[in-house]
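Visitor: Respectively, the protein sequence lines represent chains A and B.
According to the UniProt record's numbering, the first sequence is numbered sequentially starting from 1.
According to the UniProt record's numbering, the second sequence is numbered sequentially starting from 1.
I have a structure I would like to understand better, so I am pasting it below and will then ask my questions one at a time.
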Amino acid sequence: MADRDRRERILRTAGALFVVRGVAGTTIRQIASEMSMSSGTIYYYYPSKESIASAILHRFLDELLAEYEQQGLDIDEVRPDELFRRLIRTSMEIASRHPNATEIYSNESSALSILPDHDEIAAKTARARNHWRRILTAGRESGAFRSDVAAEHVREVINHLTWASVRWNRAQLETDHRRIADELVSILLDGYLRRAG
Amino acid sequence: MNGAVRNILDAGGRLFSEYGVAATTVRQIADEAQMSLGGIYHHFSSKEAIASELISRFVGSLEDEYARLARSEGSFQDRIAELVVLSLRISADHPWATETYFREATNLVALPDHENISRAVRRNEMLWLELTTAGVAAGEFRDDVDVAAFTRLLSESVWLTVRLHRPVLAERYELLADELLKLLVEGYRAGAATGRRDG
C-alpha cells in the first residue's frame with residue numbers, strides 16, 4: 001500500500017474512533033487493531049494520537065481556507081446574498097469530504113489546547129472566521145443585510161449553525177450538502193415567517 | 001433560595017463548565033465557594049448531587065414557565081418570541097446550568113436525578129416543536145422548510161447565545177433575544193421583515 005493511502009486510512013479510522021470515544025478515550029492500540037495493523041506501523045506515520053487529530057483538522061482547514069480564498073476574490077463582483085450562499089455551500093461541501101473533522105473540532109474544543117500545534121489550528125480557524133466577517137460586513141455595508149443586529153452575534157450564530165448542521169446531517173451530507181446548505185441559507189436570509197402574497 | 005446552597009451551585013457550576021464534573025473535586029468546589037468541605041457536605045452528598053441539583057432547578061424553571069406559555073394566547077410569532085426571551089432570562093437566573101448540561105450531556109446517567117432531568121428536557125423540547133408546528137398550521141410560519149429542522153436551529157442558537165454571552169446575559173437577554181428573532185424569524189436580509197404577514 002502506498003504511504004499516502006495508508007496515512008489516509010489511518011486518519012479515517014482514527015477520526016471515526018475520536019468522534020465516538022474522544023481523543024482522550026482512544027488509544028493508538030485501538031486504532032491499530034481496528035486497521036489490523038501493529039501499533040508500530042501507526043507510529044511510523046504519526047508520533048501520537050494527538051498528532052493524528054491535528055492532521056485531520058489541518059487537512060480540513062487547509063481545504064476550507066483554499067476554497068474560501070477562491071470565493072472571497074469575488075467580493076466586488078458578486079451580490080452579498082450570493083456570496084453568503086456560496087460561503088455556506090462551500091463550508092458544507094468541504095465538510096462532506098472530511099468526515100469527523102467538524103465533529104472532532106466541536107467535541108474537543110475544550111481540549112484542543114493539548115494538540116501539538118494548536119496555535120496553528122487556532123490561527124487557521126481565525127482566518128476562516130475573518131472570511132465570514134468580511135462577507136457579512138460587505139453585505140451590511142451595501143445595505144443587503146440588516147444593520148439592527150450586532151454583527152458579531154450574528155456571525156457567531158450563523159457560523160455555529162452551519163457546523164451544527166454538518167454534524168446533525170452527517171449521514172446525508174455527502175449526497176445532500178447542497179440542499180442542506182440552501183435550506184439553512186433560506187431560513188437565515190428570509191426568516192421563518194410566511195410571506196404575504 | 002438558601003444563600004449557601006446558591007453559593008455552592010454557582011461555584012460548582014463555574015468549575016463544571018470549565019473542567020467537567022469528572023475532573024472537578026468537592027475540595028475545589030469548597031475553595032471556589034470559600035466554604036469548608038464540611039459546609040459543602042452539609043448540603044450535598046457528592047459533586048454529582050451538586051451538578052444534578054444545578055441542572056434540575058434550571059430545567060424545572062424552564063418547564064414551569066413553558067407551561068404558562070403553552071396556555072397563553074396571541075400570535076405564534078409573539079409566543080415564539082416569548083419562548084426565546086424567557087429561555088434566556090431563566091438561563092441568566094441559573095448561572096452555568098446550561099454550560100454544565102451541555103458538557104455532561106453524554107454522561108448524564110452519572111447524575112442522581114438524571115431520569116427526571118431527561119424527562120423535563122424532552123418535555124421542554126417538545127414544547128418548542130408544538131409551538132412552531134402550530135404556527136405553521138395557523139399559516140404564520142413557512143411550510144416549505146422542515147419544522148423540526150427550524151426548531152432545532154432556533155433552540156441551538158438560543159443555548160449557544162447563553163454560553164457565549166454568560167457574563168452579560170442578565171443585563172442583555174432581551175436585546176440578545178431580539179437579535180436572534182430578527183435573524184431566524186424575520187430573516188437577515190434587509191427589508192425581509194417588511195414583507196411579513198400581519199397579525
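Just so it is clear, CB atoms sit at the ideal spot from N, CA and C, and this is done for glycine as well.
Small disclaimer: the values here were computed from a predicted structure and weren't measured.
Could you check where the alpha helix (DSSP H) with B/Met126 kicks off and where it finishes?
Guide: Translated into positions along the second sequence, residue 126 of chain B becomes position 126. Counting along the chain, the alpha helix (DSSP H) containing B/Met126 begins and ends at 114-137.
Visitor: Using the C-alpha atoms, what's the distance from B/Lys47 back to B/Thr24?
Guide: As a working note, residue 24 of chain B is residue 24 in the second sequence. As a working note, residue 47 of chain B is residue 47 in the second sequence. Those two C-alpha atoms are separated by around 8 Å.
Visitor: Name the residue from A/Glu69, A/Ala14, A/Phe18 whose alpha carbon lies nearest to the alpha carbon of A/Tyr45.
Guide: Your numbering for residue 45 of chain A matches position 45 in the first sequence. Looking at the Cα atoms, A/Ala14 is the closest of the given residues.
Visitor: List the residues that DSSP assigns as beta-bridge partners of B/Arg189.
Guide: Locating residue 189 of chain B in the second sequence gives position 189, where the first residue counts as 1. BP columns for B/Arg189 point to A/Phe145.
Visitor: In terms of alpha-carbon separation, which member of B/Ala138, B/Arg142, B/Leu180, B/Val158 lies closest to A/Asp148?
Guide: The residue you call residue 148 of chain A lines up with position 148 of the first sequence. Cα-wise, what sits closest to A/Asp148 is B/Leu180.
Visitor: Taking only three categories from DSSP, how would you classify A/Leu193?
Guide: Stepping through the first sequence from its first residue, residue 193 of chain A is reached at position 193. The answer is strand: DSSP assigns A/Leu193 an E or B state.
Visitor: What residues of chain A sit near B/Gln77, judged by a beta carbon separation below 8 Å?
Guide: Taking the first residue of the second sequence as position 1, residue 77 of chain B is located at position 77. The answer, in chain order, is Leu193.
Visitor: With C-beta atoms as the reference, is B/Gly13 less than 7 Å away from B/Pro95?
Guide: If you number the second sequence from 1, residue 13 of chain B lands on position 13. If you number the second sequence from 1, residue 95 of chain B lands on position 95. Their beta carbons are under 7 Å apart, which means B/Gly13 touches B/Pro95 by this criterion.
Visitor: What span of residues does the alpha helix (DSSP H) with B/Arg166 cover, start to end?
Guide: Residue numbering aside, residue 166 of chain B sits at position 166 when the second sequence is read from its first letter. Segment: none, B/Arg166 is in no alpha helix (DSSP H) and carries neither H nor E.
Visitor: Which residues in the same chain have their Cβ closer than 6 Å to the Cβ of B/Phe58, if we skip the five residues on either side of it in sequence?
Guide: What you label residue 58 of chain B is simply residue 58 of the second sequence in a count that begins at 1. The answer, listed in chain order, is His94, Ala97.
Visitor: Distance cutoff 7 Å, beta carbons only. Does B/Ser157 sit that close to anything in chain A?
Guide: On the second sequence, position 157 is the one that residue 157 of chain B refers to. Chain A contact via Cβ: present.
Visitor: Cα separation between residue 208 of chain A and A/Arg178?
Guide: Within the shown structure, residues of chain A are numbered from 1 to 197, placing residue 208 of chain A beyond reach of any answer.
Visitor: Kindly list, in the order they appear in chain A, the residues whose Cβ is closer than 8 Å to that of B/Phe16.
Guide: The sequence position of residue 16 of chain B within the second sequence is 16, counting from 1. Near B/Phe16 there are no residues of chain A at all, since even the closest Cβ is about 12 Å away, more than 8 Å.
Visitor: Within the same chain, show all residues whose beta-carbon is closer than 7 Å to that of B/Leu83, passing over the 5 residues directly before and after it, in chain order.
Guide: Locating residue 83 of chain B in the second sequence gives position 83, where the first residue counts as 1. Result list for B/Leu83: Leu69, Trp128, Leu131, in chain order.
Visitor: Whether or not the stretch 99-107 of chain A and the stretch 57-77 of chain A are in contact is what I'm after, with contact meaning three or more pairs of Cβ atoms, one per stretch, closer than 8 Å; do they touch?
Guide: As far as the Cβ criterion goes, the stretch 57-77 of chain A touches the stretch 99-107 of chain A, which means the pair count is three or higher.
Visitor: Using the C-alpha atoms, what's the distance from B/Arg122 back to B/Pro112?
Guide: Start at 1 with the first residue of the second sequence, and residue 112 of chain B comes out as number 112. Start at 1 with the first residue of the second sequence, and residue 122 of chain B comes out as number 122. Roughly 18 Å between the two C-alpha positions.
Visitor: Give the straight-line distance between the Cα atoms of B/Gly187 and A/Ile88, rounded to the nearest whole angstrom.
Guide: Counting from one through the second sequence, the residue named residue 187 of chain B turns up at place 187. Counting from one through the first sequence, the residue named residue 88 of chain A turns up at place 88. About 16 Å.
Visitor: Output needed for B/Leu9: all residues of its chain with C-beta closer than 6 Å, excluding positions within five of it in sequence on either side, in chain order.
Guide: In the second sequence, counting from the first residue as 1, residue 9 of chain B sits at position 9. The residues are Leu54.
Visitor: If we define contact as Cβ-Cβ less than 7 Å, is B/Val59 a contact residue for chain A?
Guide: The sequence position of residue 59 of chain B within the second sequence is 59, counting from 1. B/Val59 does not count as touching chain A.
Visitor: To the nearest angstrom, report how far apart B/Ser72 and B/Ala110 are at their CA atoms.
Guide: Position 72 of the second sequence holds residue 72 of chain B. Position 110 of the second sequence holds residue 110 of chain B. Approximately 36 Å, taken between the alpha carbons.
Visitor: Quick one, which of B/Ala81, B/Glu18, B/Gly60 has its alpha-carbon nearest B/Gly135's?
Guide: Position 135 of the second sequence, counting from 1, holds the residue named residue 135 of chain B. If we check each option's Cα against that of B/Gly135, B/Ala81 comes out closest.
Visitor: So, is the C-beta of B/Phe150 closer than 7 Å to a C-beta in chain A?
Guide: The residue given as residue 150 of chain B occupies position 150 in the second sequence. Closer than 7 Å: yes.
Visitor: For the stretch 142-172 of chain A, which residues have a beta carbon sitting closer than 8 Å to at least one beta carbon of chain E?
Guide: Of the protein chains in this structure, namely A and B, none is chain E.
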